[in-house]
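Q: In this note's numbering, the protein residues as written are 3 to 432.
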């Protein structure tokens with residue numbers, strides 16, 4: 003993509019409303035624009051990040067055996083009355099009346115709707131277990147939207163739902179989803195720690211939150227340093243993995259157990275702040291019973307399925323990643339979710355040798371690179387490339403171009419190399 007032909011409206015000044023790093027940098031890097039309180043338009047570069055995160059989430063959900071579908075954003079109030087949550091949910095629910103005076107709502111979550119869908123389709127124990135998910139926009143009418151996409155009113159979320167014949171099967175589904183989440187965060191390039199949590203509006207008696215470590219996190223967190231070696235937890239042995247996840251100490255300040263904490267060796271104790279980016283729940287028959295969803299068991303009796311739900315804040319992750327990975331110059335994207343893997347910076351637009359190398363690089367790197375072909379001074383190009391956080395910068399100037407050399411910069415470390423074009427390409431693509 004050529005920057006001269008792209009809608010990436012970067013800002014030099016920080017907007018007054020931006021209170022934290024992710025909000026400030028998302029606005030300055032041209033990723034989003036606020037359209038109303040807590041509601042954002044995702045501009046092309048920001049949407050590329052959102053889509054890459056969603057694809058990783060999707061691949062790991064598929065690998066865990068979940069089936070993708072898509073439910074509507076607008077739901078009937080009658081479904082929520084079946085579960086008893088319509089009046090109980092509170093003012094965060096945006097309630098709507100259509101022209102026929104039917105009561106609707108902009109869904110904050112989908113437990114009721116998925117229960118109704120499966121209830122209408124699944125009649126026998128032979129058709130269980132089932133696990134379904136979608137990636138869909140939600141709305142929760144926050145009383146004070148702030149911090150950009152970290153606490154907006156409209157947000158993109160992956161929510162999955164499991165249906166099992168008994169508690170043992172439901173707990174297996176819960177464990178599978180926890181493993182899928184850890185693999186998801188690992189692939190994205192961040193450390194997210196699972197912590198036992200309250201179930202809140204969803205209900206049930208087993209839940210874990212996943213927190214990304216960041217200085218601006220809304221929760222205080224306490225955890226064993228073993229979590230810092232994140233790859234050690236992505237085991238294929240589901241029982242061993244779950245045992246390790248749930249016995250290695252991690253808690254938010256609300257759930258912190260001082261006595262258990264003091265049993266951990268001092269050199270392994272870590273304290274910090276965390277941003278919640280996902281939560282999983284096992285809530286048994288809470289919805290199947292209230293919404294009268296039963297299947298016929300092997301002996302002809304009615305069985306109410308055991309359920310769980312599993313959410314990841316896809317749009318919230320964008321802000322959390324930036325909070326965890328930025329410096330004074332701008333964003334430092336993990337390779338897997340950067341809007342562009344590399345930026346090509348042409349320092350002498352119009353110079354034959356420089357233009358030729360840039361065009362060759364652009365053609366070979368394809369759609370995952372951004373070619374800064376503008377008639378701007380080098381300092382502005384450097385500053386905007388750092389601001390946008392491209393993992394790699396390929397800097398092409400007339401001196402190096404004359405001998406077939408380019409300068410390659412790694413954004414995360416600041417390392418630089420003078421390399422032949424082919425070697426630079428190999429390093430970026432490697």
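Beta carbons: idealized from backbone N, C-alpha and C, even for Gly.
#1: Work out the CA separation of residue 374 and residue 251 for me, nearest whole Å.
#2: Could you tell me the boundaries of the beta strand (DSSP E) in which residue 132 lies?
#3: If you reduce the DSSP assignment to three classes, tell me which class residue 335 lands in.
#4: Just to confirm before moving on: does the CB-CB distance between residue 313 and residue 305 stay below 7 Å?
#5: Could you say which of 257, 256, 175 and 19 lies nearest to residue 151 if we only look at CA atoms?
#6: Tell me the residue span of the beta strand (DSSP E) that contains residue 196.
#7: Quick one: is residue 379 buried, meaning 16 or more other Cβ sit within 10 Å of its Cβ, or exposed?
#8: Taking only runs that begin and end inside the region 89-127, name each unbroken alpha helix (DSSP H) of 4 or more residues, in chain order.
#9: For residue 250, name the three-state secondary structure that DSSP assigns.
#10: Along the chain, where does the alpha helix (DSSP H) that runs through residue 475 open and close?
#11: Could you name each continuous beta strand (DSSP E) segment of 3 residues or more that falls completely within the region 342-381, going from the start of the chain to the end?
#12: Going by DSSP in three states, residue 9 sits in which element: helix, strand or coil?
#13: Given a threshold of 16 other Cβ atoms within 10 Å of its Cβ, counted over all protein chains shown, does residue 125 qualify as buried or as exposed?
#14: What residue range is occupied by the uninterrupted alpha helix (DSSP H) comprising residue 323?
#15: Check each candidate in 29, 71 and 393 and name the one with the smallest Cα separation from residue 132.
#16: Within 10 angstroms of its Cβ, does residue 74 collect 16 or more other Cβ (buried), or is it exposed?
#17: If distances are taken between C-alpha atoms only, which option among 336, 135 and 167 comes closest to residue 290?
#18: Residue 348: buried (16+ other C-beta within 10 angstroms of its C-beta) or exposed?
A: Looking at the coordinates:
#1: The straight-line gap from Cα to Cα measures roughly 47 Å.
#2: Start and end: 132-141.
#3: It is coil, neither helix nor strand.
#4: no
#5: 19
#6: 194-198
#7: Within 10 angstroms of the beta-carbon of residue 379 lie fewer than 16 other beta-carbons, which makes it exposed.
#8: 113-123
#9: coil
#10: Because residue 475 is not part of the residues shown, which for the chain are 3 to 432, the question remains open.
#11: 344-348 and 371-374
#12: If DSSP states are grouped into helix, strand and coil, residue 9 belongs with coil.
#13: exposed
#14: Per DSSP, residue 323 belongs to the alpha helix (DSSP H) from 316-326.
#15: Here the closest residue by C-alpha is 71.
#16: exposed
#17: For residue 290, the nearest C-alpha among the options comes from 167.
#18: buried
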